[in-house]
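Asker:
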Amino acid sequence: MKKPDSFLFTLVYSFSLKSATLIRSGGYLNVDNPELVLHLSCTHSPDDDRIFYRECLSLKKAYSLIIIGVSDKTRQETFQGILTLGVKERGYKNNIQAIMDEARKFRPVLVHVHDLFILKEALQYAQDLKIPLIYDVHEHFPRLVKFYLPGSWVKKQIHRTVLAFREKHQSRKAAHIITVVPQLTSRFSHWNLHVTEIRNYPRKDLFKNGLTEVSETALRIRELARKRIILIYAGDVSRHRDLFLFADTVDALNKRGYTCMGVTLGHGEKGDVEEWEDRCRKSQGQMLHLGHIPHGDIPACLQEAHIGWSVLPDRSPFNISLPNKIFEYLACGLPFVSSDLHNIRHLFWKNPAALIFRDEKAEGIAAQIHSAFPDREMLNDIKKIARETFLNRFTWEIEESKLLDVYRSILKDEKS
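Printed below as a string of C-alpha cells:
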C-alpha cells in the first residue's frame, strides 16, 4: 500500500474533474462525492473484462468510479480515469474483510456488487449508508461452486443448496439485478421485479480492424500464419475448458492434410498450466502456448489467426454459457468453432461464421472444420462475414445504453 499522501494524490487526480470532496479523518481518507460509485468483487480482479473494460469505461462518462477487487498483491492504480484497488488474495473470507475495509473509507451514492460471496456484507454496507445496491450476476454461481468444489457429491449438493438459498433471499434486497443470459434473467425475475440483461459484447473501440500497434506475440503469430492456418484460443487455461480436445482436433486436422497449428493465450491455476504446457511440448510443433498477455494486446493477436476455438462441456453450469471469447473472435474477423450450447445456437443459427458441433470426438470435429473452412480463400470470405456480424449485432455499444438507463433510473428514484 502506498503512503497516505500518495494515496491522496491518486484520489485527487482521479476525481478532480468531478469535484470530489476529500476529508482526512482518523488516519483514513473518506470520499464524499455525489457521483461516486463503488464496484466490489471478492472473486474478480479490478481489471476484469466485464467490470472494467465494459461497464466502468462506459459509466465513467457520468460517474466517478472505484473498483475494489482481488489481486496477486496489494495495489492501487488509476487507469483511464478509474481508480482500481486490489487486495492481496488470502482466501475468500479474508478477501471479503479486506474489500469491505477499503469500501468503508468511501461514501458512494451506489454500490455495484459482482459476486454472491460478498453480497451479504455489501447489502449491510449499503443499508448503513442508505444507498441502493446493484447485484451483477456473471454466472449461475451456486452451480459453478458445486462444479469446482472438491469433495463428495453430498458436500457439493449441500453447498449448492445453501448458496442458492442465500442468493434467492439476498437478491430480493437489491435495488436492481443485472444478468448476462436469458436463463439467469428468468431465474432472478421470480425474486426481484427489477432485472436487466446486459450481454458481454466487446467494445468496438478496443477491437478495431488493422491495428497499427502490434506486439511481439502478434508478430510471432503472423509469422506462423504464413505457412499454416492458425486456430487460436484466448482464455482460461483450465482442465474444464477441454483444451486437450483442441490439441487432438488440431492433430486430426493435420492427419487429414489440413496444414494447421493451434495457439493458446491465457493463464490459470499453476498445475493446469503446467499440464497444458507439457501437452504442447509433446505435440511435435502442432500446438503452442504463448501464456498470459496484456489485455490490450489480445485484439492484435487474434487478428493474425484464422479460426477461434471456444469449447465448453455441455453440462451444468456451462450449458447456459455465452462465452465472451466468441464475440471477441468475431470482432477480430475470425469465424469460430463451438460446442452446441443453447444460447450460442440460438444466436448463430445458420451463420457461416459459427461452426457449432455436437460431435465430441476430435476426428468428427476436424472433419467439420475441414468441410466448413477448406482453404484460405474460403476463410478470407468468412472472416468478412464474421466482422460484419459483430458490427451489426454484437457490440458493447448496443448494451451500454441499458446499463446507463439502469443507473439513471435507480439514482433518479433515490433523489425523488
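Number 175 in this note's numbering belongs to position 175 of the sequence shown; there are no gaps in the numbering.
By construction, the Cβ of each residue, glycine as well, lies at the ideal position given by its N, Cα and C atoms.
Just so you know, these numbers come straight off a predicted model, no measurement behind them.
(1) Cutting at 6 angstroms between CB atoms, please list the residues of its own chain near LEU144, excluding the five before and the five after it.
(2) For THR161, count neighbouring C-beta atoms within 10 Å of its own C-beta (all shown protein chains included) and say buried if the count is 16 or more, exposed if not.
(3) Specify the secondary structure class of GLU77 as computed by DSSP and reduced to three states.
(4) How about the region 280 to 291 and the region 232 to 249: do they share at least three Cβ pairs that are nearer than 8 angstroms?
(5) Does DSSP put HIS114 in a helix, a strand or coil?
(6) Rounded to a whole number of angstroms, what is the C-alpha to C-alpha distance between LYS3 and GLN76?
(7) Is the beta carbon of TYR233 sitting closer than 9 angstroms to the one on SER339?
(8) Helix, strand or coil for ALA234 per DSSP?
(9) Where do the ends of the alpha helix (DSSP H) carrying VAL162 lie?
(10) Can you tell me which of the three DSSP states TRP309 falls into?
(11) Quick test of your reading: THR395 and ALA353, contact by CB under 8 angstroms. State the CB separation rounded to the nearest angstrom.
(12) Could you give the C-beta distance for LEU133 and ALA174, rounded to a whole number, given that I count them as a contact under 8 angstroms?
(13) Considering only residues of the same chain and omitting the five flanking positions on each side of HIS306, which have a CB-CB separation below 6 angstroms?
(14) Can you tell me which residues form a DSSP beta bridge with HIS289?
(15) Let me check understanding here. Comparing Cα to Cα, which of ARG50, THR78 and PRO374 lies closest to HIS114?
(16) Using alpha carbons as the reference points, say which of GLU102, SER215 and GLN97 lies closest to LEU85.
(17) When we look at the beta-carbon of HIS169 and count the other beta-carbons within 10 Å, is it buried (16 or more) or exposed?
(18) In the DSSP assignment, the alpha helix (DSSP H) including LYS93 goes from what residue to what residue?
(19) So, do the region 176 to 187 and the region 134 to 141 have three or more beta carbon pairs nearer to each other than 8 angstroms?
(20) Identify which residue in GLU328, SER321 and ILE365 has its Cα closest to the Cα of ILE344.
(21) Confirm, please, whether the CB-CB distance from LEU265 to ILE298 is below 9 angstroms.
(22) Distance check for LEU355 and ARG281, CA to CA, integer angstroms please.
(23) Cβ of ILE66 within 9 angstroms of Cβ of LEU110?
(24) Counting only the same chain and skipping the five closest in sequence on each side, list residues whose C-beta sits under 8 angstroms from that of SER71.
(25) Can you tell me whether THR259 is buried or exposed? The criterion is at least 16 other CB atoms within 10 Å of its CB, across all chains shown.
(26) Ignore the nearest five residues each way along the sequence and tell me which others in TYR201's own chain have a CB closer than 7 angstroms to its CB.
(27) Can you check whether the CB of HIS159 is closer than 9 angstroms to the CB of LEU149?
(28) Measure how close the beta-carbons of LEU403 and ILE198 come, nearest whole angstrom, since I'm counting them as under 8 angstroms.
(29) Which residues in the same chain have their Cβ closer than 7 angstroms to the Cβ of VAL195, if we skip the five residues on either side of it in sequence?
(30) Kindly list the residues whose CB is nearer than 8 angstroms to the CB of PHE207, restricted to its own chain and excluding five residues on each side of it in sequence; keep chain order.
(31) Reducing DSSP to helix, strand and coil, say where ALA386 ends up.
(32) Note down, in chain order, each residue of its chain lying with its Cβ closer than 6 angstroms to the Cβ of ARG358, except the 5 sequence neighbours on either side.
(33) In the region 303 to 369, which residue ranges form an unbroken alpha helix (DSSP H) of at least 4 residues, counting only runs that do not cross its ends?
(34) Which value, in whole angstroms, describes the spacing of the CA atoms of TYR28 and ARG104?
(35) Spatial neighbours of HIS292 within its chain, please: C-beta separation below 8 angstroms, excluding the five flanking residues on both sides.
(36) Starting from the Cα of ASP205, find the closest Cα among ARG54, GLU377, SER41 and LEU38 and give me that residue.
Answerer: So, to answer that:
(1) Sequence index remark: in the sequence shown, residue 144 carries index 144 (1-based). For LEU144, where only same-chain residues beyond five positions count, the Cβ hits under 6 angstroms are PRO317.
(2) If you number the sequence shown from 1, residue 161 lands on position 161. The residue is exposed, with fewer than 16 neighbouring Cβ atoms inside 10 Å.
(3) As a position in the sequence shown, residue 77 is number 77, starting the count at 1. GLU77: strand per DSSP, three-state reduction.
(4) yes
(5) Walking along the sequence shown from the start, residue 114 turns up at place 114. HIS114: coil per DSSP, three-state reduction.
(6) Translated into positions along the sequence shown, residue 3 becomes position 3. Translated into positions along the sequence shown, residue 76 becomes position 76. Unreliable positioning characterises LYS3 in this predicted model, as indicated by a pLDDT of 39, which lies under 50. A coordinate reading is not provided.
(7) Working through the sequence shown from its first residue, we reach residue 233 at position 233. Working through the sequence shown from its first residue, we reach residue 339 at position 339. Not a contact, by the Cβ cut-off of 9 angstroms.
(8) Taking the sequence shown and counting its residues from 1, one reaches residue 234 at position 234. Strand.
(9) The sequence position of residue 162 within the sequence shown is 162, counting from 1. Run containing VAL162: 153 to 171, per the alpha helix (DSSP H) assignment.
(10) The residue labelled residue 309 in the question sits at position 309 within the sequence shown. Looking at TRP309 - three-state DSSP - the assignment turns out to be strand.
(11) Residue mapping note: residue 395 aligns to position 395 of the sequence shown, counting from 1. Residue mapping note: residue 353 aligns to position 353 of the sequence shown, counting from 1. About 15 angstroms separates the two Cβ atoms, so there is no contact after all.
(12) The residue labelled residue 133 in the question sits at position 133 within the sequence shown. The residue labelled residue 174 in the question sits at position 174 within the sequence shown. Sure, about 5 angstroms apart at Cβ, within 8 angstroms.
(13) Within the sequence shown, the letter at position 306 stands for residue 306. The answer, listed in chain order, is ILE229, ILE230 and LEU379.
(14) As a working mapping, residue 289 is identified with position 289 in the sequence shown. BP columns for HIS289 point to THR264.
(15) Residue mapping note: residue 114 aligns to position 114 of the sequence shown, counting from 1. With distances taken between Cα atoms, HIS114 lies closest to ARG50.
(16) Position 85 of the sequence shown holds residue 85. Answer by Cα proximity: GLU102.
(17) Numbered from its first residue, the sequence shown carries residue 169 at position 169. The residue is exposed, with fewer than 16 neighbouring Cβ atoms inside 10 Å.
(18) Here residue 93 refers to the residue found at position 93 when the sequence shown is read from its first residue. Run containing LYS93: 92 to 103, per the alpha helix (DSSP H) assignment.
(19) yes
(20) Numbered from its first residue, the sequence shown carries residue 344 at position 344. Taking only the C-alpha atoms, the option nearest ILE344 is SER321.
(21) In the sequence shown, counting from the first residue as 1, residue 298 sits at position 298. In the sequence shown, counting from the first residue as 1, residue 265 sits at position 265. Yes.
(22) By one-based count along the sequence shown, residue 281 stands at place 281. By one-based count along the sequence shown, residue 355 stands at place 355. Straight-line Cα distance between these residues: approximately 28 angstroms.
(23) The count along the sequence shown starts at 1 and reaches residue 66 at position 66. The count along the sequence shown starts at 1 and reaches residue 110 at position 110. No, the pair does not count as a contact, with Cβ atoms beyond the cut-off.
(24) The sequence position of residue 71 within the sequence shown is 71, counting from 1. Hits under 8 angstroms: SER45, PRO46, GLY86, VAL87, LYS88 and GLU89.
(25) Here residue 259 is taken as the residue at index 259 of the sequence shown, counted from 1. Per the 10 Å Cβ criterion, exposed.
(26) For the purposes of this step, residue 201 is identified with residue 201 of the sequence shown, where counting begins at 1. Cβ within range, chain order: PHE327, PHE394, THR395, TRP396, ILE398 and GLU399.
(27) Here residue 149 refers to the residue found at position 149 when the sequence shown is read from its first residue. Here residue 159 refers to the residue found at position 159 when the sequence shown is read from its first residue. Contact flag set, yes.
(28) Here residue 403 corresponds to residue number 403 of the sequence shown, with the count starting at 1. Here residue 198 corresponds to residue number 198 of the sequence shown, with the count starting at 1. That belief holds up - the Cβ atoms of LEU403 and ILE198 are roughly 6 angstroms apart, short of 8 angstroms.
(29) Counting from 1 along the sequence shown, the entry for residue 195 is found at position 195. The residues are ILE177, THR179, THR185, PHE188 and SER189.
(30) Translated into the one-based positions of the sequence shown, residue 207 becomes position 207. Answer for PHE207: PRO299, GLU328, ALA331, CYS332 and PHE390, listed in chain order.
(31) Numbered from 1 along the sequence shown, position 386 holds the residue referred to as residue 386. Helix at ALA386.
(32) The sequence position of residue 358 within the sequence shown is 358, counting from 1. Cβ neighbours of ARG358 beyond the five flanking positions: ASP340.
(33) 324 to 331 and 342 to 348
(34) Within the sequence shown, residue 28 is the residue found at index 28, counting from 1. Within the sequence shown, residue 104 is the residue found at index 104, counting from 1. Summary for TYR28: the model assigns pLDDT 33, below 50, so the residue's position carries little reliability; its value from the coordinates is reported in the next sentence. So the alpha carbons of these two residues sit roughly 10 angstroms apart.
(35) What you label residue 292 is simply residue 292 of the sequence shown in a count that begins at 1. Only LEU265, GLY266 and HIS267 meet the Cβ criterion.
(36) On the sequence shown, position 205 is the one that residue 205 refers to. Checking every option, the nearest Cα to that of ASP205 belongs to ARG54.
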